[in-house]
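S.K.: Numbering of the sequence shown is given in numbering that gives the first Met the number 0, commencing with residue 0 and proceeding in unit increments.
Every residue, glycine too, gets a C-beta built ideally from N, C-alpha and C.
Sharing a structure, written as structure tokens. Questions coming.
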Amino acid sequence: MSRFTFGSLAGNVALIGALLLGGCGMLPEQIDETAGWSAQKLYSEAKSSMTEGGYDQAIKYFEKLEARYPYGRFAQQAQIESAYAYYKSNEPALALAAADRFIKLHPNHPNVDYVYYLKGLVNFNEDLGLLASLSNQDLSERDPRGAREAFDTFNELVTRFPESRYAEDATQRMQYLVNSLASHEVHVARYYYRRGAYVAAANRAQAAITTYPRAPAIEEALFLLVKSYDAMGMNDLRDDADRVMRKNFPNSVYYSGGPADNRPWWQLW
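Right under this line is the structure:
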């Protein structure tokens, strides 16, 4: 009885295997609609998808284009467009990778200035997430790494391509980034001061003053420096910082308690 059972089992397995092998030819094959498309056709369809907001589909077309036609202007343009499509699809890491790849492969391309600009935008507009949007968190309260990378990229664009059509906008964004990075340092200094870490507060305030001397946030940085030195009993340093502040900001609102905080109660910061 056992011998019959094992034999039947082996026969069934063999039968199933034969049916699967024979049935493979009956399974519907996946049809590639792009088979036989020219590079121009693939590029046109990808651009149409992007116009309609279909960035994922556009990326697939661009990938097929580059795989089938790796040389020529359409392949190069597909690399640029892919970086933009990733950016619009909220895939910053892939967008940055695509931009870096293009810059490395085509450093002298006539549109490489745009790729630098796009790379800067990706870091500049890095998503803050739901919590940050609810709390109205700004760039000064974020990890400044993205801001620094954006600044460095915009700075390279402006330095290498001063006549670029993107240079003016990049310069304005750089100014905003400088102000935000200075505000970040002051934000950290304020955090330390409120928790009684006066040495750390003074160090961060001094770093903001030294690194970003023209930023608007320097007014508060000087004020925090004065308060931190005062809390530590370092009267000479406090008086020196106070003289600098009164000379540069004689009518500072911080002398009368600081600017009013009109944020709603539900904001976390």
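#1: Measure the CB-CB distance between residue 97 and residue 76 and report whether it falls below 8 Å.
#2: From this set, 200, 185, 183, which residue's C-alpha is nearest residue 191's C-alpha?
#3: Counting along the chain, where does the alpha helix (DSSP H) carrying residue 145 start and finish?
#4: Which residues bound the alpha helix (DSSP H) around residue 186?
#5: Does residue 152 pass the burial test, meaning 16 or more other C-beta atoms within 10 Å, or should it be called exposed?
#6: Consult DSSP for residue 202 and reduce its assignment to one of helix, strand or coil.
#7: With DSSP as the reference, label residue 273 as helix, strand or coil.
#8: Three or more C-beta pairs closer than 8 Å, one from the stretch 176-192 and one from the stretch 207-216: is that the case here?
#9: Within 10 angstroms of its Cβ, does residue 226 collect 16 or more other Cβ (buried), or is it exposed?
#10: Residue 158 CB to nearest chain B CB: under 8 Å?
#11: Going by beta-carbon coordinates alone, are residue 58 and residue 85 separated by less than 8 Å?
#12: Quick one: give me the first and last residue of the alpha helix (DSSP H) that residue 50 is part of.
M.R.: Working from what's here:
#1: Contact annotation: residue 97 and residue 76 have beta-carbon atoms that are not nearer than 8 Å.
#2: That would be 200, whose Cα lies nearest to the Cα of residue 191.
#3: It spans 144-159 - the alpha helix (DSSP H) in which residue 145 sits, taken as one unbroken run.
#4: Per DSSP, the continuous alpha helix (DSSP H) segment holding residue 186 begins and ends at 166-193.
#5: With 16 or more other Cβ atoms inside 10 Å of its own Cβ, residue 152 counts as buried.
#6: Here residue 202 sits in helix by DSSP.
#7: This structure leaves residue 273 out entirely; the chain is present only between 0 and 268.
#8: At 8 Å Cβ cutoff, the stretches touch.
#9: Burial call: buried.
#10: This model lacks chain B altogether, as it is built from one protein chain only.
#11: The answer is yes: Cβ separation under 8 Å.
#12: Under the DSSP assignment, residue 50 falls in the alpha helix (DSSP H) whose first and last residues are 38-50.
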